[in-house]
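Q: Pasting a structure below so you can have a look.
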Amino acid sequence: MPKSKAPLNKEYVREYKDILNKAKHYVNHPDELRRDIELEYLEREKDRELLNIPVPKPDEFSYKMIQYNGFIHYPERLKNFIIAKNELRKITRSFFPVILDIEPTSRCNFRCIMCQLNDWKNGKRADDLKFDDFKKIIDEQYGLTEIKLQGMGEPLLNKEFFKMIEYVVKKYIWIRTTVNGSLLHINDNYRKLVDSGVNEIQISVDGATKKVFEKIRRNSNFDKVVENLKILNNYSNSKNKLVTRMWVLLQEHNKHQVFEFLDLAKHMEFKRLTYSIGMSDFGQEKWNKNNKSLEIKEFLPKSDLSKLLEKAKNYGIEITRWNLEQKYNNETVNTKCPWPFNRAFISSDMKIVPCCMIGNPNVSNLGDARKFESVWNGKIYQHFRKSHLEGKIPKICKNCYKI
């Protein structure tokens with residue numbers, strides 16, 4: 023049983039009280055939280071190099087307010103958080119994950135050229151996640167502060183998707199999802215998504231023109247997606263909700279469109295744009311070979327980068343960069359992948375997968391999510407962690423390591 027269910031050790035009691043008092047103060051004085059976040063941001067910006075693009079992060083105010091409310095309403099969550107923050111990486115864990123990726127569906131209406139879903143009959147690996155199973159996960163995972171509700175499929179295809187979001191929001195858990203934009207016009211999904219309380223909606227846009235977009239994201243309709251995203255952003259902006267983020271996976275077919283993506287983001291009324299570099303191979307040789315041929319190594323030369331940042335500033339769009347080329351390594355315990363130790367991916371058929379970069383229990387299945395507590399510290403998970411700690415990185419994980 024994780025220690026977070028038991029009384030805290032003496033060394034953690036003071037930290038528990040300090041965080042709880044801070045949480046109560048900021049929940050009662052949200053304007054002070056906004057002010058302190060702004061001051062911290064300005065301090066960070068002083069130290070950031072001019073051409074160093076930051077990584078994407080949640081809206082800090084909403085993230086912290088949700089986290090603090092969760093600590094106040096669920097004391098076991100705060101205990102779990104403190105242990106997770108302080109415990110060294112080892113083969114057994116004294117806490118439950120603080121973050122989970124949960125897959126509502128493995129089905130998708132697109133057939134993107136870099137996605138393993140192409141291998142599955144009719145673009146479906148398993149049945150959709152049922153709400154009752156989802157609820158069981160959330161109720162048992164008392165340590166959760168954050169959820170990514172998306173896996174290999176298009177979340178809006180699950181008829182209980184909004185019900186899942188609603189349940190998580192009530193529990194004061196920060197939640198994000200990723201959609202492809204093709205279904206937002208159906209049954210006012212764009213409105214339901216913004217009003218659901220979801221904290222971040224990432225939308226994959228991998229082509230700045232119809233030709234490139236539809237070449238990469240097969241079975242798609244570029245014009246319809248653009249129309250849907252304009253409607254989505256118009257609605258979210260009218261509600262003063264900063265929840266959408268345009269996400270671009272740069273690759274050989276679209277690397278020439280970096281500036282065009284920024285123009286498209288402005289056209290569709292996005293306020294945040296993330297360029298992502300590097301691809302997953304889903305732990306499979308076939309996809310390693312396929313996606314290595316598509317992968318790019320460089321973003322932009324410095325001269326062009328300064329122009330991009332200036333243009334983004336004029337447009338009022340925040341530019342961030344997600345770089346999967348920055349690999350883990352075996353040099354120290356803390357430079358290894360954190361997933362085996364503090365996070366997990368649960369598939370739509372309730373199987374525990376090592377991470378979102380694999381996203382497929384047919385490649386690696388660590389156990390039944392219905393028995394998460396016993397699996398989390400069971401022999402299979404312990405062996406998986408041990409292999410990382412000893413530097414014997416499993417074959418399925420090597421794409422994410424400098425080896």
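Going by my numbering, the first residue of the sequence shown is number 23, and it counts up by one from there.
Virtual Cβ for every residue (Gly too), placed ideally from N, Cα, C.
#1: Ignore the nearest five residues each way along the sequence and tell me which others in residue 398's own chain have a CB closer than 6 Å to its CB.
#2: Go through its chain and collect everything with a Cβ distance to residue 358's Cβ below 6 Å, but skip five positions before and after it.
#3: Residues in the same chain with beta-carbon distance under 7 Å from residue 180, minus the five sequence neighbours each way, listed in chain order, please.
#4: Taking its Cβ as the centre, do 16 or more other Cβ atoms sit within 10 Å of residue 121, making it buried, or is it exposed?
#5: Once the 5 residues before and after residue 292 are set aside, which same chain residues still bring their CB inside 7 Å of it?
#6: Residue 253 by DSSP, collapsed to three states: which one?
#7: Candidates 37, 286 and 114: which alpha carbon is nearest residue 364's?
#8: Helix, strand or coil: which one does DSSP assign to residue 340?
#9: Looking only at DSSP bridge pairs, what is residue 198 linked to?
#10: Just to confirm before moving on: does the CB-CB distance between residue 354 and residue 296 stay below 9 Å?
#11: Residue 221 and residue 88 - do their beta-carbons sit closer together than 9 Å?
#12: Just checking my contact of residue 390 with residue 373 at CB under 8 Å: how many whole Å lie between their CB atoms?
#13: Taking the beta carbon of residue 348 as the centre, do at least 16 other beta carbons fall within 10 Å, making it buried, or is it exposed?
#14: Pull up the CB-CB distance for residue 316 and residue 301, whole angstroms please, since I reckon it's below 8 Å.
#15: Among 31, 172 and 166, which has the Cα closest to the Cα of residue 201?
#16: Do residue 313 and residue 186 have their C-beta atoms closer together than 9 Å?
#17: According to DSSP, which residues form a beta bridge with residue 123?
A: Working from what's here:
#1: Along the sequence shown, read from residue 1 onward, the residue named residue 398 stands at position 376. Excluding sequence neighbours, residue 398 sits near nothing in its chain.
#2: In the sequence shown, counting from the first residue as 1, residue 358 sits at position 336. Excluding positions up to five away in sequence, the list reads 350 and 410.
#3: Locating residue 180 in the sequence shown gives position 158, counting from the first residue. Within the same chain, residue 180 has close Cβ partners 126, 127, 150 and 151.
#4: Along the sequence shown, read from residue 1 onward, the residue named residue 121 stands at position 99. Classification of residue 121: buried, given that the 10 Å Cβ count is 16 or more.
#5: Counting from one through the sequence shown, the residue named residue 292 turns up at place 270. So the qualifying residues of the chain are 255, 266, 268 and 339.
#6: On the sequence shown, position 231 is the one that residue 253 refers to. Looking at residue 253 - three-state DSSP - the assignment turns out to be helix.
#7: Counted from its first residue, the sequence shown places residue 364 at position 342. Out of 37, 286 and 114, 114 has the C-alpha closest to the C-alpha of residue 364.
#8: Counting from 1 along the sequence shown, the entry for residue 340 is found at position 318. The answer is strand: DSSP assigns residue 340 an E or B state.
#9: Taking the sequence shown and counting its residues from 1, the one referred to as residue 198 is at position 176. Beta-bridge pairing links residue 198 to 170 and 222.
#10: The residue you call residue 354 lines up with position 332 of the sequence shown. The residue you call residue 296 lines up with position 274 of the sequence shown. Their beta carbons are not under 9 Å apart, which means residue 354 does not touch residue 296 by this criterion.
#11: Numbered from its first residue, the sequence shown carries residue 88 at position 66. Numbered from its first residue, the sequence shown carries residue 221 at position 199. Going by C-beta atoms, residue 88 is nearer than 9 Å to residue 221.
#12: On the sequence shown, position 368 is the one that residue 390 refers to. On the sequence shown, position 351 is the one that residue 373 refers to. Right, their Cβ atoms sit about 7 Å apart.
#13: Walking along the sequence shown from the start, residue 348 turns up at place 326. When all chains shown are included, residue 348 counts as exposed.
#14: Sequence index remark: in the sequence shown, residue 316 carries index 294 (1-based). Sequence index remark: in the sequence shown, residue 301 carries index 279 (1-based). At roughly 6 Å, the Cβ-Cβ gap stays under 8 Å, so residue 316 and residue 301 are in contact.
#15: Locating residue 201 in the sequence shown gives position 179, counting from the first residue. Closest option to residue 201, Cα to Cα, is 172.
#16: The sequence position of residue 313 within the sequence shown is 291, counting from 1. The sequence position of residue 186 within the sequence shown is 164, counting from 1. No, Cβ-Cβ distance for residue 313 and residue 186 is not below 9 Å.
#17: Looking up residue 123 in the sequence shown gives position 101. DSSP lists 170 and 367 as partners of residue 123.
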